[in-house]
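Written out below as structure tokens is the structure these notes cover.
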Amino acid sequence: MARCVTCGDELHPERAEKYDYCTKRRCRELNARPPTIAAVAVSKAADHYLVLNERIEEDLASGKYQDQRKSSSVATGGARPKRAHAYPGVAKSVRRAPAPRKPDRSWSRSHQELAVIYNARGMGPDEIATKLDLDRYTVTQMLLAAKNRVKP
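Sequential numbering from 897 applies to the sequence shown in this note's numbering.
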């Protein structure tokens, strides 16, 4: 017959299969340990937690609960294969400076005043260009010209 490790009382056979202490308050307080919980799949949609036991610990160590999309190198044990380029013979294109543009004054005074007002409200050249139906370069030139204009 199994006995409690704290008080020495006899344990019920079913209890003795899993525990080595009795159900008295003092014995539980001294011997009971809270279960270890592991978060194995935490996401925005649903969190998945497991109570760790020997089997679950082995599964975690083997990588069973690992997200294959994020870390295939850990689960397979090898390095992740390098991704081939879509066009293997073509190197990355080098960005070239745009050709210099001729300064032109293809805007009206009212457009320039609107661009200055929009810019003062925090809009960028791209937003202003969309709003005034102009290109970004023209808007930038309008804002620079307005900035450089001397007020009498």
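Positions of the beta carbon are idealized from the N, C-alpha and C atoms, including for glycine.
The model shown is predicted, which means the values in this text are computed figures rather than measured ones.
Rounded to a whole number of angstroms, what is the C-alpha to C-alpha distance between K1027 and A941?
Counted from its first residue, the sequence shown places residue 1027 at position 131. Counted from its first residue, the sequence shown places residue 941 at position 45. So the alpha carbons of these two residues sit roughly 39 Å apart.
So V1035 and A1025 are supposed to be a Cβ contact under 8 Å. How far apart are they, rounded?
Locating residue 1035 in the sequence shown gives position 139, where the first residue counts as 1. Locating residue 1025 in the sequence shown gives position 129, where the first residue counts as 1. The pair is a contact, with the Cβ atoms about 5 Å apart (cut-off 8 Å).
For L1040, the first and last residue of its enclosing beta strand (DSSP E)
Start at 1 with the first residue of the sequence shown, and residue 1040 comes out as number 144. Unbroken run through L1040 is the alpha helix (DSSP H), R1032 to N1044; no beta strand (DSSP E).
Going straight from the alpha carbon of H944 to that of C903, what length do you get?
As a working mapping, residue 944 is identified with position 48 in the sequence shown. As a working mapping, residue 903 is identified with position 7 in the sequence shown. Taking the straight line joining both Cα atoms gives about 38 Å.
In this structure, how does DSSP classify L946 when only helix, strand and coil are distinguished?
Here residue 946 refers to the residue found at position 50 when the sequence shown is read from its first residue. Reduced to three states, the DSSP call for L946 is strand.
Hey, out of M1038, R951 and A1016, whose CA is closest to H1007's CA?
As a first step, residue 1007 must be located in the sequence shown, where it is residue number 111. Comparing Cα positions, the closest option is M1038.
Where does Y1076 land, buried or exposed, given buried means 16+ other C-beta within 10 angstroms?
Outside the displayed range of the chain (897 to 1048) lies residue 1076, so it cannot be described from this structure.
When DSSP labels each residue in this structure, what does R1017 get in the three-state scheme?
Here residue 1017 refers to the residue found at position 121 of the sequence shown. R1017 falls in the coil class under three-state DSSP.
With H, G and I counted as helix, E and B as strand and the rest as coil, what does DSSP make of V936?
As a first step, residue 936 must be located in the sequence shown, where it is residue number 40. The answer is strand: DSSP assigns V936 an E or B state.
Hey, quick one: how far does the alpha helix (DSSP H) through L907 stretch, first residue to last?
Here residue 907 refers to the residue found at position 11 when the sequence shown is read from its first residue. Unbroken run through L907: none, as it is neither H nor E.
Across which residues does DSSP place R899 in a beta bridge pair?
For the purposes of this step, residue 899 is taken as residue 3 along the sequence shown, with counting starting at 1. Paired residue(s): E906.
Within-8 Å CB hit, N927 to chain B:
The structure shown contains no chain B; it holds only a single protein chain.
Can you tell me whether DSSP reads C923 as helix, strand or coil?
As a working mapping, residue 923 is identified with position 27 in the sequence shown. Per DSSP, reduced to three states, the secondary structure at C923 is helical.
Own chain, CB closer than 8 Å to R899, minus 5 neighbours either side, in chain order
Here residue 899 corresponds to residue number 3 of the sequence shown, with the count starting at 1. Spatial neighbours of R899 in its own chain (CB-CB distance under 8 Å, excluding positions within 5 residues in sequence) are listed in chain order as D905, E906 and L907.
According to DSSP, is A941 helix, strand or coil?
If you number the sequence shown from 1, residue 941 lands on position 45. Correct three-state label for A941: coil.
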